[in-house]
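So the sequence lines, in the order shown, correspond to chains A and B.
Residue numbers for the first sequence follow my numbering, beginning at 1 and rising by one.
Residue numbers for the second sequence follow my numbering, beginning at 1 and rising by one.
For every residue, glycine included, the Cβ atom is placed at its ideal position computed from N, Cα and C.
Predicted model only: the values in this text are computed from it and were never measured.
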Amino acid sequence: MSHGPSATGGAAISTAAPGHAHEPYVPVFTGETKARLAALMERYPTKMASLLPALWMVQEARGWVSPEAMAEVAQELGLTAAYVKGVVTFYTMYHQHPVGKHFIQVCTTTPCHVCGAEDVVKAFLEKTGCGELGVTSPDGKYTVIEVECLGACGFATPVMVNSDFIESVTPEKVPELLKRYQ
Amino acid sequence: MGFPFKPHPRETLVLSKHFGEAEARSLDGWKARGGYRALEQALGMDPVAIQNVVKESGLRGRGGAGFPTGLKWSFMKLGDGKPHYLCCNADESEPGTFKDREIMRWTPHALIEGCAIAAHAIGAETAYIYIRGEFTEPLERMERACAEARQAGVIGRNAMGTGKRVDVWVHKGAGAYICGEETALMNSLEGKRGNPRIKPPFPAASGLFGMPTTINNVETLAAVPHILVNGGAWYKAMARPDNPKSTGTKLWSVCGNVSKPGNYEVQMGFPFKEFLYDLCGGPPRGRNFKAVIPGGSSVNIITIEEAERAVMDYEGMADVGTALGSAGCIVIDDAQSIPRQVARLARFYAHESCAQCTQCREGTAWTTRILERIVAGDGTAEDLDTLLDLAENMTGKTICVLSDSCAAPVVSGLQKFRHEFEALITRKTVHAVPTIVS
Numbered sequence: 001m002s003h004g005p006s007a008t009g010g011a012a013i014s015t016a017a018p019g020h021a022h023e024p025y026v027p028v029f030t031g032e033t034k035a036r037l038a039a040l041m042e043r044y045p046t047k048m049a050s051l052l053p054a055l056w057m058v059q060e061a062r063g064w065v066s067p068e069a070m071a072e073v074a075q076e077l078g079l080t081a082a083y084v085k086g087v088v089t090f091y092t093m094y095h096q097h098p099v100g101k102h103f104i105q106v107c108t109t110t111p112c113h114v115c116g117a118e119d120v121v122k123a124f125l126e127k128t129g130c131g132e133l134g135v136t137s138p139d140g141k142y143t144v145i146e147v148e149c150l151g152a153c154g155f156a157t158p159v160m161v162n163s164d165f166i167e168s169v170t171p172e173k174v175p176e177l178l179k180r181y182q
Numbered sequence: 001m002g003f004p005f006k007p008h009p010r011e012t013l014v015l016s017k018h019f020g021e022a023e024a025r026s027l028d029g030w031k032a033r034g035g036y037r038a039l040e041q042a043l044g045m046d047p048v049a050i051q052n053v054v055k056e057s058g059l060r061g062r063g064g065a066g067f068p069t070g071l072k073w074s075f076m077k078l079g080d081g082k083p084h085y086l087c088c089n090a091d092e093s094e095p096g097t098f099k100d101r102e103i104m105r106w107t108p109h110a111l112i113e114g115c116a117i118a119a120h121a122i123g124a125e126t127a128y129i130y131i132r133g134e135f136t137e138p139l140e141r142m143e144r145a146c147a148e149a150r151q152a153g154v155i156g157r158n159a160m161g162t163g164k165r166v167d168v169w170v171h172k173g174a175g176a177y178i179c180g181e182e183t184a185l186m187n188s189l190e191g192k193r194g195n196p197r198i199k200p201p202f203p204a205a206s207g208l209f210g211m212p213t214t215i216n217n218v219e220t221l222a223a224v225p226h227i228l229v230n231g232g233a234w235y236k237a238m239a240r241p242d243n244p245k246s247t248g249t250k251l252w253s254v255c256g257n258v259s260k261p262g263n264y265e266v267q268m269g270f271p272f273k274e275f276l277y278d279l280c281g282g283p284p285r286g287r288n289f290k291a292v293i294p295g296g297s298s299v300n301i302i303t304i305e306e307a308e309r310a311v312m313d314y315e316g317m318a319d320v321g322t323a324l325g326s327a328g329c330i331v332i333d334d335a336q337s338i339p340r341q342v343a344r345l346a347r348f349y350a351h352e353s354c355a356q357c358t359q360c361r362e363g364t365a366w367t368t369r370i371l372e373r374i375v376a377g378d379g380t381a382e383d384l385d386t387l388l389d390l391a392e393n394m395t396g397k398t399i400c401v402l403s404d405s406c407a408a409p410v411v412s413g414l415q416k417f418r419h420e421f422e423a424l425i426t427r428k429t430v431h432a433v434p435t436i437v438s
């Protein structure tokens, strides 16, 4: 749910991960992962319903959802790669390009906005060295985006770092917080 | 409870009674607190009898629409030979709202129990809890609780040894506000883009996987076990004497410029003024309240004067020209600029529009652009009329109400705080302090 230079479409991000396109693709759904997917599919009357969970499994394993991974998911679920891409692009949480080692999402929607979320964003951009939203820091460690309402409005400003959910972040707390994510 | 603060004596703790108690999260801990007695009772009841208890209670949907829950359940045609489904809407994404999150974090079994009872009441064997992808902790808590309940035979093929099958599964969303719209949620669960569907057909006729489906909010379902155990009359009694249409307790998420943000559980009919100043501690020091968005960002903005005479139930909020909605209460103080906040809200809707309908796709984007231009000091005298014209074309003309929701703060903001917009256009300064004094 990013604004400005998009986390999923920004040119700066695609250049941040050189070499990916040239490495041979290693399938995600083998062994235990394949068995997990098979078990998951039993929860639903259609194969297609396992698409979002399958894409999550890909992102957990690889950090992003590559075109090759979309093709693999399509094959597993009996869908076309184009269909899978159509779904991936609808949702903001699937990364269509590699992102920094630590993906930082700062909520800036109205309830946080009135409590000064913009200053939290500024602090993250400055302290991570990212400089701009959606751009990965030169050391590859951080990507910072603004995110729409994280649903923890009473604890402004909530921030997600990877899958960690951190409440009540203020600009002053940013340097200390970043020490935990090196 | 005003959670995470200590409960205020004037709160009525039903859903939030065990917030903050880590033990309540486990199956044993939940059972020790009276958990799953309601499910046991329900599984021995005829589905229609359960529907009737819920009808009698007066429980209405807590997701925003306020539709009577028992009535919704009765739309499901029992014994039609088709698989029925229950969806639990845990996509809580409405700005200002963070109550379902606490229910799932602290009392996951309350939700599972509510889901299982509701599933039985509508003739469904499967319930899916659709949780937004950003809610990593609630997801983990719910997954763990489901696994525990399944392993103990509370849910599953032979729920509580009754021979009835009730499965409850957690499904993780992937970042899209629109998936909180009921038919968009169903599309998303089916593995599709989260575009809302044209209604009719309504979900009770053709919902998830094209089958009869009921969809309820987390808080609605979590209230059901209490109603079953204590009776419909008990729930119904929690209301204003002169308004039987809003019953029970309601969790209010309070955020923004307020001394004690958090979740408060009060009975329907509570006076809003006392709520804001006594329970929530009033405005931050040195400030005054200016405006309130009481029901999540999609409802009309009201002035503090209007809020102070409002009563906290569905009808009471309608009486002051707004809505109870999801009870995500955003409080705005006199250091904030209303145009700036309305512009930020419009940006939210523009970002979250699924882009199916032209009025919404273009309308939310144009509205944002005009508002941001005004805030930047480049507005023109015609802009305000253009905004109202746009809003008119965005209301009641689309598949779902996202577009209407974008128009609501614009129209109400302009009605009540027009002078602030005009001041920006004529380049007078509107005081706006970006940081808050705590």
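Taking only beta-carbon positions, decide if residue i is within less than 8 Å of chain B.
{"i": "residue 102 of chain A", "result": "no"}
{"i": "residue 163 of chain A", "result": "yes"}
{"i": "residue 114 of chain A", "result": "yes"}
{"i": "residue 160 of chain A", "result": "yes"}
{"i": "residue 151 of chain A", "result": "yes"}
{"i": "residue 143 of chain A", "result": "no"}
{"i": "residue 63 of chain A", "result": "no"}
{"i": "residue 46 of chain A", "result": "yes"}
{"i": "residue 49 of chain A", "result": "yes"}
Does the Cβ-Cβ distance between residue i and residue j come in under 8 Å?
{"i": "residue 215 of chain B", "j": "residue 185 of chain B", "result": "yes"}
{"i": "residue 154 of chain A", "j": "residue 143 of chain A", "result": "no"}
{"i": "residue 104 of chain B", "j": "residue 218 of chain B", "result": "yes"}
{"i": "residue 345 of chain B", "j": "residue 220 of chain B", "result": "no"}
{"i": "residue 88 of chain B", "j": "residue 208 of chain B", "result": "no"}
{"i": "residue 352 of chain B", "j": "residue 198 of chain B", "result": "no"}
{"i": "residue 149 of chain B", "j": "residue 120 of chain B", "result": "no"}
{"i": "residue 253 of chain B", "j": "residue 97 of chain B", "result": "yes"}
{"i": "residue 154 of chain B", "j": "residue 36 of chain B", "result": "yes"}
{"i": "residue 114 of chain B", "j": "residue 224 of chain B", "result": "yes"}
Which residues of chain A have a Cβ atom closer than 8 Å to the Cβ of residue i, listed in chain order?
{"i": "residue 174 of chain B", "result": "52, 55, 56, 91, 92, 93, 94"}
{"i": "residue 193 of chain B", "result": "86, 87, 90"}
{"i": "residue 60 of chain B", "result": "Per Cβ cutoff of 8 Å: no residues; residue 60 of chain B is ~22 Å from chain A at best."}
{"i": "residue 356 of chain B", "result": "By Cβ distance, chain A contributes nothing, its closest Cβ being about 11 Å from residue 356 of chain B, past 8 Å."}
{"i": "residue 443 of chain B", "result": "Past the edges of chain B, shown from 1 to 438, lies residue 443 of chain B, and the structure says nothing about it."}
Note down, in chain order, every chain A residue with its Cβ under 7 Å from the Cβ of residue i.
{"i": "residue 345 of chain B", "result": "110"}
{"i": "residue 332 of chain B", "result": "114"}
{"i": "residue 209 of chain B", "result": "45, 46"}
If we cut at 8 Å on Cβ distances, does residue i have a partner in chain A?
{"i": "residue 262 of chain B", "result": "yes"}
{"i": "residue 67 of chain B", "result": "no"}
{"i": "residue 364 of chain B", "result": "no"}
{"i": "residue 135 of chain B", "result": "yes"}
{"i": "residue 188 of chain B", "result": "yes"}
{"i": "residue 97 of chain B", "result": "yes"}
{"i": "residue 254 of chain B", "result": "yes"}
{"i": "residue 297 of chain B", "result": "yes"}
{"i": "residue 325 of chain B", "result": "no"}
{"i": "residue 417 of chain B", "result": "no"}
{"i": "residue 275 of chain B", "result": "no"}
Give the interface partners of residue i over in chain B, defined as CB-CB distance under 7 Å, in chain order.
{"i": "residue 148 of chain A", "result": "177, 348, 351, 352"}
{"i": "residue 43 of chain A", "result": "169"}
Starting from residue i and walking both ways along the alpha helix (DSSP H), at which residues does that stretch end?
{"i": "residue 106 of chain B", "result": "99-106"}
{"i": "residue 155 of chain B", "result": "Counting along the chain, residue 155 of chain B falls outside any alpha helix (DSSP H), and DSSP gives it neither H nor E."}
{"i": "residue 28 of chain B", "result": "27-32"}
{"i": "residue 55 of chain B", "result": "47-57"}
{"i": "residue 41 of chain A", "result": "31-41"}
{"i": "residue 235 of chain B", "result": "232-236"}
{"i": "residue 25 of chain A", "result": "Taken as a continuous stretch (DSSP letters only), residue 25 of chain A belongs to no alpha helix (DSSP H), as it is neither H nor E."}
{"i": "residue 306 of chain B", "result": "304-308"}
{"i": "residue 83 of chain A", "result": "81-88"}
{"i": "residue 38 of chain B", "result": "37-43"}
For a contact defined as C-beta to C-beta under 9 Å, what are the partners of residue i on chain A?
{"i": "residue 103 of chain B", "result": "Residues of chain A passing the Cβ test: none, with the nearest at roughly 12 Å."}
Beta strand (DSSP E) containing residue i: first to last residue?
{"i": "residue 256 of chain B", "result": "249-256"}
{"i": "residue 126 of chain B", "result": "124-131"}
Anything in chain B within Cβ reach of residue i, meaning under 9 Å, just list it in chain order.
{"i": "residue 156 of chain A", "result": "255, 256, 261, 436"}
Point to revise | Secondary structure, beta strand (DSSP E): runs of 3+ residues fully inside the region 91-129 of chain A | key: Look at the region 91-129 of chain A and you find these whole runs of beta strand (DSSP E), each 3 residues long or longer: 102-107.
Exercise for review: Tell me the start and end of each unbroken beta strand (DSSP E) in the region 310-351 of chain B that is at least 3 residues and wholly inside, in chain order.
Suggested key: Taken in chain order, the whole beta strand (DSSP E) runs of length 3 or more contained in the region 310-351 of chain B are 328-333.
Practice item. Could you name each continuous alpha helix (DSSP H) segment of 4 residues or more that falls completely within the region 366-403 of chain B, going from the start of the chain to the end? Key: Those alpha helix (DSSP H) runs which fall completely within the region 366-403 of chain B and span 4+ residues are 383-394.
Review point. Where in the region 139-211 of chain B do unbroken runs of the alpha helix (DSSP H), each at least 4 residues long, occur, reported from the N-terminal end onward?
Key: The region 139-211 of chain B contains these whole alpha helix (DSSP H) runs: 182-189.
Exercise for review: With a floor of 3 residues, list each beta strand (DSSP E) that falls wholly inside the region 126-157 of chain A, ordered by position along the chain.
Suggested key: For the region 126-157 of chain A, whole beta strand (DSSP E) runs of length 3 or above, ordered along the chain, are 142-147.
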